[in-house]
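In our numbering, the protein residues as written are 191 to 322.
Backbone N, C-alpha and C fix where the C-beta goes; we use that ideal spot for every residue, glycine too.
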């Protein structure tokens, strides 16, 4: 005679615990991945806004007065600073140049963006070279 064992159609407690553990680990990994992606999006958006602010500050200056510029301010949650210094190229040119540096900081100063450019010195109409 053969002995047959009849198994109920349900899951054992061990199978349920293992399944719940796998599900918890999977959900934890998914939560961390989505949180990291969200932080990345927020950081990228702030960097784009900082770049746009710094670019607009540089674009707002066509030339620099002979004594230079030093300005600072706040735009939303970002602090900015614009400063110029004379720039001496290797060759002697007709135009005096100034190095213009813009610094934008956000996130309570933990994040900083620097942009720099060269602009000509502003001349009065009397000192402008005459072209013939």
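Asked	Found
I need the straight-line Cα distance from residue 165 to residue 261, nearest angstrom please.	This structure leaves residue 165 out entirely; the chain is present only between 191 and 322.
For residue 306, which three-state DSSP category applies?	strand
Can you tell me where the beta strand (DSSP E) holding residue 287 begins and where it ends?	287-296
Within this structure, are the beta carbons of residue 296 and residue 242 separated by less than 8 angstroms?	no
At the level of alpha carbons, what is the spacing between residue 298 and residue 291?	20 angstroms
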